[in-house]
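Student: All residue numbers for the sequence shown refer to my numbering, where the first residue is 1336 and numbers rise by one.
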Amino acid sequence: MNRFSCFLFIMALSIGLGNAKLFAKNHIYFINSLDPENEIQIFCKWNDEHIGTFFLKPGETDDFSFHDKFIPKNKIDCTFRQIRGPSVMIRAFEGSSGAFDHGKTNYWYVREDGIYFTHGQEMSKLEYNWT
1336 MNRFSCFLFI MALSIGLGNA KLFAKNHIYF INSLDPENEI QIFCKWNDEH IGTFFLKPGE
1396 TDDFSFHDKF IPKNKIDCTF RQIRGPSVMI RAFEGSSGAF DHGKTNYWYV REDGIYFTHG
1456 QEMSKLEYNW T
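1. In three-state DSSP terms, what is ILE1425?
2. Using C-beta distances below 6 Å, list every residue in its chain close to PHE1390, excluding the 5 sequence neighbours before and after it, in chain order.
3. Excluding the 5 residues flanking ASN1367 on each side, which residues of the same chain have their C-beta closer than 7 Å to its C-beta?
4. From the DSSP output, in three-state form, read off HIS1362 for me.
5. TRP1381 lies in the beta strand (DSSP E); which residues open and close that run?
6. Can you list, in chain order, the residues of its chain with a C-beta nearer than 7 Å to that of THR1440? Leave out the 5 residues immediately preceding and following it.
7. For LYS1360, which residues of its own chain have a beta-carbon under 8 Å away from its beta-carbon, when the five flanking residues on both sides are left out?
8. In its own chain, which residues sit with a C-beta less than 8 Å from the C-beta of GLY1449, not counting the 5 before and 5 after it?
9. If you reduce the DSSP assignment to three classes, tell me which class GLY1387 lands in.
10. Take ILE1378 as the anchor and find which of PHE1452, GLU1457, ASP1398 and MET1458 has the nearest alpha-carbon.
11. Under the DSSP definition of a beta bridge, which residues are partnered with TRP1443?
12. Nearest to THR1388 by alpha carbon, out of LEU1369, ASP1370 and ILE1411?
13. For PHE1418, does the three-state DSSP call read helix, strand or coil?
14. So what's LYS1392 in DSSP terms, helix, strand or just coil?
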């Protein structure tokens, strides 16, 4: 098997076994499930580059869609701050180079006891506690 065939096989295997679709954008969804009147501020950085600050009222959802950058590792870190309370920093997305990570979907639910995560195919699980 030549090198190019090996490369295509490994790429297909990587995409097929993950939560990905070839050449599709990645998506991150933020859902505010906090009690009424408890707005959340979300500040995010992509590989240490500021990509935005936004606010969500209870029941609101926001999303961010993107193609990975072609660098060895892509990561999006976000700080969640309750307007009337605690905060927490999370890793909202982590992937390898843009050549392999396409079409991933991450859902982040902001709840009273912490931040929950799922890819949308299973029940969300508590990943981060408020500090």
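No residue lacks a Cβ here, since even glycine has one placed at the ideal position from N, Cα and C.
Tutor: Inspection of the coordinates gives the following:
1. Taking the first residue of the sequence shown as position 1, residue 1425 is located at position 90. Collapsing the DSSP output to three states places ILE1425 in a strand.
2. Taking the first residue of the sequence shown as position 1, residue 1390 is located at position 55. The beta carbon of PHE1390 lies closer than 6 Å to those of GLU1374 and GLN1376 in the same chain, with the five residues before and after it left out.
3. As a working mapping, residue 1367 is identified with position 32 in the sequence shown. Taken in chain order, the residues that qualify are ILE1375, LEU1391, LYS1392, PRO1393, GLY1394, GLU1395 and VAL1445.
4. Numbered from its first residue, the sequence shown carries residue 1362 at position 27. Reduced to three states, the DSSP call for HIS1362 is strand.
5. Locating residue 1381 in the sequence shown gives position 46, where the first residue counts as 1. Taken as a continuous stretch (DSSP letters only), the beta strand (DSSP E) holding TRP1381 covers 1375-1381.
6. Numbered from its first residue, the sequence shown carries residue 1440 at position 105. Answer for THR1440: ASN1354, HIS1362, HIS1454 and GLY1455, listed in chain order.
7. Your numbering for residue 1360 matches position 25 in the sequence shown. Here LYS1360 has SER1400, PHE1401, HIS1402, HIS1437 and GLY1438 as same chain residues with Cβ atoms under 8 Å from its own Cβ, once five neighbours each way along the sequence are excluded.
8. By one-based count along the sequence shown, residue 1449 stands at place 114. Same-chain partners within the cutoff: VAL1423, LEU1461, GLU1462, TYR1463, ASN1464 and TRP1465.
9. For the purposes of this step, residue 1387 is identified with residue 52 of the sequence shown, where counting begins at 1. Strand.
10. One-based indexing of the sequence shown puts residue 1378 at position 43. Going by the sequence as given, residue 1378 is Phe instead of Ile. With distances taken between Cα atoms, PHE1378 lies closest to ASP1398.
11. By 1-based counting over the sequence shown, the position of residue 1443 is 108. Beta-bridge pairing links TRP1443 to PHE1365 and PHE1452.
12. Along the sequence shown, one-based indexing puts residue 1388 at 53. Of LEU1369, ASP1370 and ILE1411, the residue nearest in Cα terms is ILE1411.
13. By 1-based counting over the sequence shown, the position of residue 1418 is 83. Strictly speaking, residue 1418 in this sequence is Ile, with Phe absent from that position. Coil.
14. One-based indexing of the sequence shown puts residue 1392 at position 57. When secondary structure is reduced to three states using DSSP, LYS1392 falls in the coil class, being assigned neither helix nor strand.
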